[in-house]
Structures are given as structure tokens and as C-alpha cells.
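With this note's numbering, the residue at position 141 of the sequence shown is 597, and numbering never jumps.
Built from N, CA and C at the ideal position, the CB exists for glycine as well.
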Amino acid sequence: MMNASDAPVFDPELIARYDTSGPRYTSYPTAPHFVDSFDETALRTAIQISNEEPIPSPLSLYVHVPFCFSPCFYCGCNRIITRDIGRADAYLERLYREIELTAPLFDRDRVVRQLHFGGGTPNFLDLPRMREVLHVLGSHFHLSGDAHREFGIEIDPRYVDVDYIRGLGEAGMNRMSIGIQDFDPEVQRAVNRVQSVAQVAAIMRAGREHGFGSISVDLIYGLPHQTVARFTHTLDQVIALQPDRIATYSYAHLPQLFKAQRRLEREALPDASTKLALFGRTLERLTEAGYVYIGMDHFARADDDLAKAQRAGTLQRNFQGYSTHGDCDIVGLGVSSIGRIGSTYSQNARDLAAYYSALDTGHLPVVRGLQLTTDDLIRRELIGELMCHGEVDKAVFGARHDLRFDAYFADDLQRLAPLVADGLAVVDSACVRVTPRGRLLIRHIAMCFDAYLHGGDKRARYSKAI
């Protein structure tokens, strides 16, 4: 498990040498390896098997709201741009149908400990519609009422007010993630997302007053017109707001995949060395301010549940990133959403027409997924331990899976050897351990154990590690 002495070491030259793309490992195998043959029948079977476990896992619901009022030019999410709130009604009708079809498949005593609204822009839904969604969910699933539940929502502060936040709190929501990206006016204009520090501060203040025990903010580095000086100012403004968690994402410029990104001036994007310096300053400023580096692009206050879980060795990782509820089966609801039930993954139709068509004919809208093999499950656990705890005990892991660690992972350890030589990891007879120099390059360490990268189709497109 991680402790203060494991703080990451920022070595620009080393990171530059590993300037390659790789999976984020919110799942293993990753989504590009899902197959179309995983269908509704396969999902129903997976749910039934999960119900029959001696102690069935609690549930985590992910609800996708695909609508946005305006496009953010950096965005690569699955979303629909419209200013007509009424367009949500046809979608909600189908979402409720999906809930009605899905919920009875799970034993009623399986408690929903985690609920997350993502998008798109979840607060595209006005308060009456959001209350209705929560009511429908509560009517069909057993929503937890205890203090340890995590019911969160992604918030665009441009389209929300104090009354909305109060209403969410009264309805049982207790976590929020606010998309800031950058406070610099020129950067905001370039990416078509203009919002003030005052707007964000008001929303955070309202959240604190109305039951939101954890508030997270998102930043993006690598956007047009960002400089180290400007982004440092944004970091200082964010630190002054005192969020519980801060996510700092690396912008991936893929205009051939995401049409909105074609609106950005390529010449205005920071070059590779500047982008690396932006991340270095982020790490420096946030750790100086008392935030703990959790991993990848996540930071948390030392008293936050994520930091506590990391110290206790109970931190886990799933489709929503680092989590204290990683043991939950994830039920994906809404267009394009992804679920994880037991040893399976499933994904809903990515476009509204196919999503609507399935539900209008009484079918679950799953269009692809994966039944994990024994090897997949072993590697998923190993990669999760490395990414969350930075260490794998060979004897313990081998005993758990009835395997000889060094023999089973012989090829993987050979791939890891150059990274060991660079000081990113230590491998001895007892363990595989990520060093402070290796924490910022954890994706590259995990990639050594990814059988799909080294034996199958390597065409999947991933973001760069920094």
C-alpha cells in the first residue's frame, strides 16, 4: 500500500522517453476488445450468475445523459448538442423502460451503494426531470440510505444555480464533479467554455451547504493557449476553492475521431515540452497545497475517502476511475453506457436510434461486451493492484490463483525488465513494486502485463500517458 514516502518523482527526461499512448485501464480487457457476439442473453445470464453468488456484490448505477447545451471543442464524449430541453423527454421515456427491464433481473436485496450521472451534461435535465429520474430509480432499485453511499453527478456550472443544487441535495445526491478545465479567459474562449471563478465558487458553496460531502473538480492540460504561467494561476484559483478531489486530464487531440476538435487551432496547442511542464507544475502545486497523488490524473485531500482507502490498501479502480466502491457490480443505463457484472462487460448502443429501437421492441439495448477468461480475470486483478497499491506480493497472488507467479508471467516480466532498468519498478523474489519514479508512468508498467497488446489486435487508439 502507498504511503507518504511513495510520492511520485517527476523526471521530465524519463517521461519524455515514454511518450507513447496506452490504455487508462478503467477496465481490463479494455473496451476496444469488446465483441458484438456478447448480447442481451449473455447479459441476462451474467446477472443471474451474479445473483447466485454466496454474497452477491452491491450495485453501482451509471446513468448516461447525452445532451449538452453547447459544444466544448476539446470534447470526445458521446453527446448530442441541443438547447431544447424537451428533447430529453423521449430519451427519458426509453431510459425508464430500460430501468423497468433491468432492475427486476437483480435480487431486490442488492443495495445500490453508488450512483453516478455522467454525460454529456447531466444537469441538462432540469430539476423536475432529475427528481423524476431519481424517483424511478428508487422505485425499481434498492437505493442505499446510509452515510457511506456515493450518489454523484457531473456538473457544468454554466447551467446550474443554487436552487438546483439544493434540490439535488434534498433528493439524496451527495457528490458532485464540476468541469472547470481552465479559468484563463483566452483558453476558455478557444474551447468554447466560458465560466467564472465566482460561478464555480457559488456552486461549491451551495453544495457544501446542502449535503454534498465530496466535491471534485476537473482540469485539462494541453489546451490551446495554455502556458505554465497561466495554468499556474488556474491551479492557485482552484486550490483556493478547496475541492476534496482534483482530476487533471491530459488533452488528446484526435480531430479525425472527434469533429468538435477540428474547431481548435492546432498552432495554439502547447508543444510536447510545454505540455509536460504543465503536468509537472500541476503535480508540484497540488502536492505543495496538501493534496495526495492518488494515481494517473487524480489528487485528493489527505482526509478524503480516496486517500484513506489508498493508505489502507482498499482502493480500487473501475469505469469511473479510482473508487472506494470498486467491489460493486456496475449497471450501465442509457445510451452508450458500459456495465460490469461479475466476469463480464457490456455496452449499450452508442446512437439514439439503435438505443430507442431495442427498447421499443422490449429488448435491453446491449450491443457488445465481453465474457472474461480466467486469464483475463487474473490480469485484471494484477493490473488493478499495481495501479491502486503499487505492489503485488508474488506468493499471496500466486496462492490466490493457484499459479507460480514467475512462471505464469515470464513473458510479462521480460517485457518489464527495461522499465526495471530505468528505475520504474523493482522486481525481486517476493514482489513487483512500482517505485516513486514509476508512479507517473504506471500505465506503461501495466501495459507489460496486457496480453491483448502483445498478442492480439494492437490497432486500438489510446491517449498518451502524460
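Comparing alpha-carbon positions, which option in the options lies nearest residue i?
i       : options                               : result
Glu-509 : Glu-496, Arg-566, Tyr-552 and Thr-704 : Arg-566
Gly-769 : His-845, Asp-759 and Pro-488          : His-845
Phe-755 : Asn-774, Gln-772, Leu-734 and Tyr-778 : Tyr-778
Phe-775 : Thr-817, Gly-840 and Ala-765          : Gly-840
Thr-538 : Cys-531, Phe-714, Gln-682 and Ser-526 : Ser-526
Val-519 : Met-752, Leu-593 and Gly-854          : Leu-593
Ile-636 : Thr-780, Cys-887 and Ala-703          : Ala-703
Lys-850 : Ser-885, Ala-881 and Val-647          : Ser-885
Asp-462 : Gln-766, Gly-788 and Phe-865          : Gln-766
Asp-619 : Ala-662, Ala-654 and Gly-608          : Ala-662
Thr-830 : Gly-818, Asp-692, Leu-859 and Val-852 : Leu-859
Ile-503 : Asp-868, Ala-855 and Gly-788          : Gly-788
Asp-602 : Gly-818, Asp-878, Asp-492 and Gly-628 : Gly-628
Phe-580 : Gly-854, Cys-524 and Gly-625          : Cys-524
Val-647 : Val-653, Gly-678 and Glu-626          : Gly-678
Asn-507 : Tyr-484, His-857, Pro-488 and Leu-561 : Leu-561
Ser-483 : Val-848, Phe-853, Asp-832 and Ala-855 : Asp-832
Lys-731 : Gln-693, Thr-688 and Gly-854          : Thr-688
Leu-599 : Pro-578, Tyr-864, Met-632 and Asp-563 : Asp-563
Met-632 : Thr-476, Gln-682, Phe-573 and Gly-532 : Phe-573
Alpha helix (DSSP H) containing residue i: first to last residue?
i       : result
Gln-698 : Counting along the chain, Gln-698 falls outside any alpha helix (DSSP H), and DSSP gives it neither H nor E.
Ser-652 : That residue, Ser-652, is in no alpha helix (DSSP H); it is neither H nor E in DSSP.
Val-589 : 583-596
Val-618 : 618-626
Arg-550 : 543-558
Cys-844 : 830-845
Asn-804 : Element bounds for Asn-804: not the alpha helix (DSSP H) but the beta strand (DSSP E), 800-804.
Ile-794 : Looking at the DSSP string, Ile-794 is not in any alpha helix (DSSP H); the run it does join, the beta strand (DSSP E), is 794-797.
Phe-947 : Nothing about residue 947 can be reported from this structure: the residues present for the chain run from 457 to 922 only.
Tyr-811 : 808-816
Leu-732 : 728-744
Asp-761 : 761-768
His-819 : Premise fails: His-819 is in no alpha helix (DSSP H) and is neither H nor E.
Ala-646 : 641-647
Arg-871 : 866-877
Between residue i and the rest of its own chain, which residues show a CB-CB distance below 8 angstroms, the 5 nearest in sequence each way excluded?
i       : result
Ala-412 : The shown model of the chain, from 457 to 922, leaves out residue 412, and the question about it has no answer.
Val-924 : Outside the displayed span of the chain (457 to 922) sits residue 924, for which this structure offers no information.
Arg-664 : Ile-671
Ile-676 : Tyr-530, Gln-637, Asp-638, Thr-704, Tyr-705, Ser-706 and Tyr-707
Arg-806 : Asn-534, Val-791, Ser-792 and Val-823
Can you find the residues in the same chain that come closer than 6 angstroms, C-beta to C-beta, to residue i, ignoring five residues on each side of it along the sequence?
i       : result
Ser-802 : Leu-499, Gly-795, Val-822 and Gly-825
His-910 : none
Leu-583 : Tyr-620 and Gly-623
Gln-655 : Pro-613
Leu-720 : Phe-529 and Pro-680
Ala-758 : Val-748
His-819 : Glu-496
Pro-464 : Tyr-749, Pro-892, Arg-895 and Leu-896
Asp-700 : Ser-670, Ile-671, Arg-757 and Asp-760
CB residue i to CB residue j, shorter than 8 angstroms?
i       : j       : result
Ala-728 : Arg-835 : no
Leu-470 : Arg-893 : yes
Met-843 : Gly-782 : no
Leu-739 : Phe-466 : yes
Gln-717 : Leu-710 : yes
Tyr-812 : Arg-605 : no
Ile-901 : Leu-872 : yes
Val-882 : Thr-891 : yes
Cys-904 : Glu-847 : no
Could you tell me how far apart the beta carbons of residue i and residue j are, in whole angstroms, since I believe they sit closer than 8 angstroms?
i       : j       : result
Arg-569 : Pro-514 : 4 angstroms
Gln-827 : Ser-799 : 7 angstroms
Leu-808 : Arg-553 : About 14 angstroms; that fails the 8 angstroms criterion.
Gly-575 : Asn-630 : Actually they do not touch by this definition, with Cβ atoms about 19 angstroms apart.
Val-589 : Gly-790 : About 10 angstroms separates the two Cβ atoms, so there is no contact after all.
Tyr-481 : Leu-897 : Actually they do not touch by this definition, with Cβ atoms about 13 angstroms apart.
Give me, in chain order, the residues of the same chain whose beta-carbon lies closer than 7 angstroms to that of residue i; leave out the 5 immediate sequence neighbours on both sides.
i       : result
Asp-495 : Val-822
Ala-733 : Val-684
Ser-659 : According to the sequence provided, residue 659 is Ile. The question's Ser does not apply to it. Within the same chain, Ile-659 has close Cβ partners Ile-611, Pro-613, Val-616, Ile-621 and Ile-634.
Arg-585 : Ala-544 and Leu-548
Ile-786 : Ser-516, Tyr-518, Asn-774, Phe-775, Gly-795 and Arg-796
Arg-915 : For Arg-915, the pLDDT reaches just 43, beneath the cut-off of 50, and the residue's location in the model is therefore unreliable, leaving the point undetermined.
Gln-772 : Ser-779, Gly-782, Asp-783, Gly-840 and Cys-844
Asp-913 : Caution is warranted here: a pLDDT of 47 is assigned to Asp-913, below 50, making its placement in the model unreliable, and the coordinate value is therefore given only provisionally. None.
Is there a Cβ of chain E sitting closer than 8 angstroms to that of residue i, yes or no?
i       : result
Ile-786 : Considering every chain present, this structure includes no chain E. It has just one protein chain.
Starting from residue i, trace the beta strand (DSSP E) both ways and give me its first and last residue.
i       : result
Arg-473 : Unbroken run through Arg-473 is the alpha helix (DSSP H), 468-473; no beta strand (DSSP E).
Val-787 : 785-789
Gln-637 : 631-637
Asn-507 : Counting along the chain, Asn-507 falls outside any beta strand (DSSP E), though it belongs to the alpha helix (DSSP H) covering 496-507.
His-666 : It is not in any beta strand (DSSP E) - His-666 carries neither H nor E in the DSSP assignment.
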